[in-house]
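Number of protein chains: 2
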Amino acid sequence: MTRPHPDRPATIYDVAVAAGVSHQTVSRVLRGVGSIRPETRERVQAELARLKYRPNVGARELARARQRRIGVVGYETFESSTSKVLRGVDEVAERAGYTLDIVNVDPTGDVAEISAALESLNGTDVAGVLATSPTRNVREALEHVEFRMPVFFDVAGDQVAAHDDEPARSIAAGLVMSHLADLGHERVAFIAGPEHWDSATNREAVYRERMLALGREPMVIGRGDWSAASGYRAAQAFDPAEGATALFVANDRMALGALRALAERGIRVPEDVSVAGVDDIPEAAYFSPPLTTVHIDFTEGGHIAARSLISLIETPDASLPEYPASVLIARDSTARLG
Amino acid sequence: MTRPHPDRPATIYDVAVAAGVSHQTVSRVLRGVGSIRPETRERVQAELARLKYRPNVGARELARARQRRIGVVGYETFESSTSKVLRGVDEVAERAGYTLDIVNVDPTGDVAEISAALESLNGTDVAGVLATSPTRNVREALEHVEFRMPVFFDVAGDQVAAHDDEPARSIAAGLVMSHLADLGHERVAFIAGPEHWDSATNREAVYRERMLALGREPMVIGRGDWSAASGYRAAQAFDPAEGATALFVANDRMALGALRALAERGIRVPEDVSVAGVDDIPEAAYFSPPLTTVHIDFTEGGHIAARSLISLIETPDASLPEYPASVLIARDSTARLG
DNA sequence: GCCCACGGCGTTACCGGTAACCCAGCGCGC
DNA sequence: GCGCGCTGGGTTACCGGTAACGCCGTGGGC
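In order, the protein sequences belong to chains D and S. Residue 18 is where the first sequence starts when you use my numbering, and the numbers rise one by one after that. Residue 18 is where the second sequence starts when you use my numbering, and the numbers rise one by one after that.
Right, dumping it as structure tokens:
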């Protein structure tokens, strides 16, 4: 379905001539400032509507010397959790009058390539940049590019706790490990996320730490790329003979693949092994069996990131935001040991 | 991670003064037009780099009297298939020098509300509008708003065949029904998508038609909202006593919910009933059992939609695009009858 | 030796807005 | 009757680019 090409839009000058006033009066009506006789105002508004006036945002930006776009460095923006972050960013940005300029990059790709993408964003004079891909490569690329505008690096909804001299750590992974420990699981195997990702390394670090705290050797049986297919492949390495009673998978989609791999090999969940993920994607409740996971509010994470960036843009005092609390969602894929 | 607020950017006038030339010479170097002495060009380029010049896109748009943004009316852009469409649109648009301005609306919401969202897009002087939400409400809202620019209404990757006096029809649904018929299934139950959606009604129409062609009464047992949860609920109404040997679900996510509901009730798939979906989301291969579905290339659909819109913008001759072929992916959830 | 074309720039106008400043007329106090 | 401030608006400059045009010097054709 299409519509024909229409002719050139009316400007405030056209409207001014039609209403018999100066263009400045039209501008005043548009902005609602200054004092204007009601009669004049109505005449202008009538012409505005009749001529179907639409403001030229470029001209407005130019005259106001103020940008209204935020560059977003996204990645696989079609993936559920990350695009929920984007949605949250969009909601806040729109309310604040900003428009998003989304650049898709492969966050695990070549640093030079990411830098080029960032540079192109930089060359397009946006008001600020929001990076939603917490990978090492993106962080490095950000170091390379000299931005003239504020940059905010989001943690992509994955809540982390960072104390003064401790590194950032995944709360979600801690919740999963505590849940498993509560159920009596101490021999927990782990399928990690892609190594360039901050959230993957954060979760893995917490897993290892908790295992050591239990006096157990960490059992990282594989590493995926967040996809169900990679979880399926990684779970092939799960060997019941090694004694693990639970399997912690770094995200829900990989957990789906892992569940499938275990089912094919006749390993029952949760009777033979408990399985838990992270993210709480909407589908997780309908896996077979329904997956125990940690709910992360990605949209709210996006809100927070956007608010932080906008406050950086408008008032250059940076205060680090508080992320919402993640909560563990226990479902049938985990059960008490024994 | 953040960076401080930097000072105001350099303009071509700053660069011109620094290089000892006129601003027009700088503009020429920037655009690569006109004849310039290599020595002068180098001097300008050096200053460009030294002052970290970034073009002001607003000013450029203004001077060129040409818009560079495309408004996209999206919906649940965080959902897998739809955001793949967006990604495809983005890829093409970026290559053509356009930037996306994405507006999220609830495509099943109030027509007035959608109209308002469209109007705000319209008021922002974009080069064209691409609607990626094929719902009746969005179509109605598009009728209300008088656009000054080309509008393209995408079919969101779902391929349809439209003959002259026939309505558009879902090819994907036809593929599923043929596959089931090949396996001997004639008594096929159906879980439909939300009624406002074109793709839902297209798929349902094809389902009904095929059933009647087989001399069977259509068995629409429920209607969902595309989510796994709604598929789970709808599948509660599946009664094996009614004789259906297969269940066709209008998309994969609802099919996941349906699989779960069937499993909970002890109905085996595919032994007791075959199940098929549409979309081929990446997770479908890891459902229990892996889901027979129809692969739709959403990203390519986005490419095509964007190309169509851009050609409408640049040369107002509208030619309807060819969508890529969908293909059936047979997996374990469907089996020969008997 | 003259004219003209062309390379290599500079000048100026303009895109569509906003903002600072200016100005006429009126009502008012004194 | 005069100065004052306020209302209601017009004039003009400017934002940072692009485009049309003009100008100067040089070199080649005749």
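Where a beta carbon is used, it is the ideal one built from N, C-alpha and C, also for glycine.
C-beta atoms of residue i and residue j nearer than 8 Å
{"i": "T262/D", "j": "H196/D", "result": "no"}
{"i": "V120/D", "j": "A134/D", "result": "yes"}
{"i": "G105/D", "j": "T316/D", "result": "yes"}
{"i": "Q253/S", "j": "A278/S", "result": "yes"}
{"i": "A222/S", "j": "A267/S", "result": "no"}
{"i": "L68/D", "j": "V32/D", "result": "yes"}
{"i": "G92/S", "j": "S150/S", "result": "Before going further, note that residue 92/S is Tyr rather than Gly in the sequence given. For Y92/S and S150/S, yes; Cβs fall inside 8 Å."}
{"i": "V193/D", "j": "A293/D", "result": "yes"}
{"i": "S244/D", "j": "P307/S", "result": "no"}
{"i": "V155/D", "j": "D118/D", "result": "no"}
{"i": "D142/D", "j": "V43/S", "result": "no"}
Residue i - partner residues in DSSP beta bridges
{"i": "W214/D", "result": "T152/D"}
{"i": "V34/S", "result": "None; V34/S has no bridge partner."}
{"i": "N121/D", "result": "G91/D"}
{"i": "M236/D", "result": "A206/D"}
{"i": "H312/S", "result": "D296/S and V344/S"}
{"i": "G145/S", "result": "I87/S"}
{"i": "S170/S", "result": "Ser is not the amino acid found at residue 170/S; the sequence shown has Phe there. F170/S pairs with A148/S."}
{"i": "V10/D", "result": "As shown, chain D starts at 18 and ends at 355. That puts residue 10/D outside it, with no answer to give."}
{"i": "T116/S", "result": "R86/S"}
{"i": "S291/D", "result": "A263/D"}
Whole-number beta carbon distance between residue j and residue i, since they are thought to touch under 8 Å
{"i": "I132/S", "j": "V162/S", "result": "Per the sequence presented here, residue 132/S reads as Ser, with Ile not at that position. The pair is a contact, with the Cβ atoms about 6 Å apart (cut-off 8 Å)."}
{"i": "Y115/S", "j": "A144/S", "result": "7 Å"}
{"i": "L264/D", "j": "A347/D", "result": "Not a contact, Cβ separation roughly 16 Å."}
{"i": "D296/S", "j": "S98/S", "result": "6 Å"}
{"i": "D269/S", "j": "T310/S", "result": "5 Å"}
{"i": "Y249/S", "j": "Y303/D", "result": "6 Å"}
Closest residue to residue i among the options (Cα-Cα distance)
{"i": "R220/S", "options": "R45/S, E281/S, S325/S and A190/S", "result": "A190/S"}
{"i": "A148/D", "options": "A322/D, G355/D, R270/D and I330/D", "result": "A322/D"}
{"i": "P341/S", "options": "S137/S, S216/S and I188/S", "result": "I188/S"}
{"i": "A35/S", "options": "A66/S, P55/S and V50/S", "result": "A66/S"}
{"i": "S305/S", "options": "I298/D, A251/D and E281/D", "result": "E281/D"}
{"i": "T125/S", "options": "G210/S, V74/S, G37/S and D269/S", "result": "G210/S"}
{"i": "I238/D", "options": "A245/D, S100/D and F255/D", "result": "F255/D"}
{"i": "V430/D", "options": "N73/D, R233/D, R77/D and S39/D", "result": "What the structure shows of chain D is the stretch from 18 to 355, and residue 430/D is not part of that stretch, so it cannot be assessed."}
{"i": "R112/S", "options": "M236/S, V122/S and I87/S", "result": "I87/S"}
{"i": "R324/D", "options": "D171/D, A129/D and D142/D", "result": "D171/D"}
{"i": "V128/D", "options": "G49/D, E160/D, D142/D and S44/D", "result": "E160/D"}
{"i": "N139/D", "options": "F164/D, Y30/D and M228/D", "result": "F164/D"}
{"i": "A76/D", "options": "T28/D, V122/D and D123/D", "result": "T28/D"}
{"i": "G1/S", "options": "R48/S, R85/S, L276/S and A198/S", "result": "What is shown of chain S runs 18 to 355, which leaves residue 1/S out entirely."}
{"i": "I208/D", "options": "A251/D, R186/D and E130/D", "result": "A251/D"}
Own chain, CB closer than 6 Å to residue i, minus 5 neighbours either side, in chain order
{"i": "V344/S", "result": "H312"}
{"i": "P287/S", "result": "S350, T351 and A352"}
{"i": "G319/S", "result": "V102, G105 and V106"}
{"i": "R71/D", "result": "P26"}
{"i": "P55/D", "result": "none"}
{"i": "R153/D", "result": "H213"}
{"i": "D181/D", "result": "Model confidence at D181/D stands at a pLDDT of 48, short of 50, so the residue's coordinates are unreliable and nothing is read from them."}
{"i": "R227/S", "result": "M194"}
{"i": "P235/S", "result": "R225 and M228"}
{"i": "Y30/D", "result": "H40"}
Contacts around residue i, its chain only, beta-carbon distance under 7 Å, and the 5 residues preceding and following it disregarded
{"i": "R58/S", "result": "V46"}
{"i": "S247/S", "result": "G241, M271 and G274"}
{"i": "M18/D", "result": "With a pLDDT of 38 at M18/D, under the threshold of 50, the predicted position of this residue should be treated as unreliable, though the coordinate-derived value follows. None."}
{"i": "I284/S", "result": "P257 and V290"}
{"i": "P167/D", "result": "G145, L326, L329 and I330"}
{"i": "A136/D", "result": "A quick correction: the sequence has Glu, not Ala, at residue 136/D. Counting only Cβ-Cβ distances below 7 Å, and skipping sequence neighbours, we find V162."}
{"i": "G355/D", "result": "G201"}
{"i": "P21/S", "result": "With a pLDDT of 31 at P21/S, under the threshold of 50, the predicted position of this residue should be treated as unreliable, though the coordinate-derived value follows. So the list is empty, once near-sequence residues are dropped."}
{"i": "E64/S", "result": "V32, A35 and A36"}
Residue i Cβ short of 7 Å to the ligand SAM heavy atom set
{"i": "L159/D", "result": "Within the structure as shown, the ligand SAM is missing, as the structure has no ligands at all."}
Contacting residues, own chain, Cβ-Cβ under 8 Å from residue i (five flanking each side not counted)
{"i": "R83/D", "result": "A144"}
{"i": "G260/S", "result": "R204"}
{"i": "G37/S", "result": "R60"}
{"i": "P23/S", "result": "Note that P23/S scores 42 on pLDDT, short of 50, meaning its location in the model is unreliable and no value can be drawn from it."}
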